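In order, the protein sequences belong to chains R and H. In this text, residue positions in the first sequence follow this note's numbering: the first is 185, and each later residue adds one. In this text, residue positions in the second sequence follow this note's numbering: the first is 2, and each later residue adds one. C-beta: ideal position from N, C-alpha, C; glycine also. Note that the structure is a prediction, hence the values are computed from the model and not measured.
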Amino acid sequence: MESERPVASRAEGTTTKADLVEEVARAAELTKKQAETVVDSVFSGIISSLRSGQKIELRGFGSFKLRLRGARVARNPKKSGVKVLVPPKKVPYFKPGKRLKELINEAEPSGPGSDSP
Amino acid sequence: MIKNDLVNRVADETGVPRAQAARAVETIIDVMRQSLTRGSRIELRGFGVFLVKRRKRGIGRNPKRPDEQVEIPPGFTIRFKPGKELRDLEAPGAGTPPAEGAPEGTQSLPVPGARA
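See below:
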């Protein structure tokens with residue numbers, strides 16, 4: 185069962201679903217398979233919440249909302265920049281929570297120790 | 002929807018006991034937070050990518066007093082790039098979005114990069 189599948193082309197320092205599944209399995213005492221179902225369910229839950237127009241707030245992490253992006257003129261990159269009118273649409277937006285903002289600014293990513301306030 | 006609702010949903014959908022579902026959601030948030038704190042990105046196929054980006058010092062303005070400049074300190078922010086499943090939110094049949102939409106006159110023109 186525990187096949188050490190090499191995670192294909194996993195960039196260094198990138199967290200993927202596989203990592204989440206592993207941690208969830210351990211922390212919630214679930215099999216890998218159950219953990220994977222749970223992780224999938226979490227993200228599809230967020231998607232369907234947004235799809236129904238409802239924002240989702242995860243305390244300590246952040247919130248996902250829909251923002252309306254107005255109509256704009258864009259260029260088709262494939263057709264040497266032909267202008268196209270893009271109709272307005274709703275785009276998902278993630279707003280980091282207070283705690284998360286503090287965390288990423290305390291511990292300098294990729295930097296050494298965090299002596300800063 | 003808040004964490005609790007998500008936990009209930011996950012428990013219902015997967016049949017995993019609620020306590021474990023809660024632990025799972027908590028763990029996911031934790032791992033993601035740790036990852037971003039380290040400065041590593043999170044890539045979730047279909048859902049999206051979270052990146053930590055450096056923000057330079059900038060000059061912002063208080064929207065209530067536009068003639069006053071406010072300094073925005075340098076630091077890090079998180080950018081979330083929605084994945085395919087999140088970009089197709091307004092796909093037909095997937096819960097009708099309220100009101101807004103393309104105005105009637107606008108023929109649906111090809112949206113660059115929307116679909117491969």
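Neighbouring residues, chain H, relative to residue i (Cβ below 9 Å)
| i | result |
| --- | --- |
| T200(R) | I43, E44, L45, R46 |
| S233(R) | M2, D6, L7, R10 |
Local conformation of residue i per DSSP, three classes
| i | result |
| --- | --- |
| A92(H) | With a pLDDT of 49 at A92(H), under the threshold of 50, the modelled position of this residue cannot be trusted, and the question is left open. |
| S264(R) | coil |
| T78(H) | strand |
| S233(R) | helix |
| Q70(H) | strand |
| A202(R) | helix |
| E27(H) | helix |
CA-to-CA distance, residue j to residue i, given in whole angstroms
| i | j | result |
| --- | --- | --- |
| P280(R) | F245(R) | 6 Å |
| R189(R) | R56(H) | Confidence at R189(R) is low in this model, with a pLDDT of 47, below 50, so the placement of that residue should be treated as unreliable; the coordinate-derived value is given next. Rounded to the nearest angstrom, the two C-alpha atoms are 37 Å apart. |
| S232(R) | G61(H) | 35 Å |
| R283(R) | K85(H) | 28 Å |
| S300(R) | I73(H) | Any reading at S300(R) must be qualified, since the residue scores a pLDDT of 42, below 50, and its modelled position is unreliable; the value itself is stated next. Computed Cα separation, rounded: 17 Å. |
| N289(R) | D89(H) | 32 Å |
| F48(H) | V32(H) | 16 Å |
| D68(H) | I30(H) | 40 Å |
| E241(R) | R251(R) | 15 Å |
| V208(R) | A25(H) | 5 Å |
C-beta contact flag for residue i and residue j at 8 Å
| i | j | result |
| --- | --- | --- |
| A255(R) | P272(R) | yes |
| T38(H) | L204(R) | no |
| E44(H) | T221(R) | no |
| P276(R) | L214(R) | no |
Within chain R, partners of residue i - CB distance below 9 Å
| i | result |
| --- | --- |
| G76(H) | K285, I288, N289 |
Proximal chain H residues relative to residue i, where beta-carbon distance stays under 8 Å
| i | result |
| --- | --- |
| T215(R) | Ordered by position in chain H, no residue passes the 8 Å Cβ test against T215(R), which lies about 10 Å from the chain. |
| G197(R) | R39, G40, S41, R42 |
Within chain R, the residues that residue i reaches when beta carbons sit closer than 7 Å
| i | result |
| --- | --- |
| V26(H) | V226 |
| I30(H) | L242, G244, F245 |
Does the count of Cβ pairs from the region 3 to 17 of chain H and the region 265 to 281 of chain R closer than 8 Å reach three?
no
Listed from N- to C-terminal order along the chain, which residues in the region 243 to 256 of chain R have their beta-carbon within a distance smaller than 9 Å of any beta-carbon of chain B?
Reference to chain B is not applicable here, since the protein chains of this structure are R and H.
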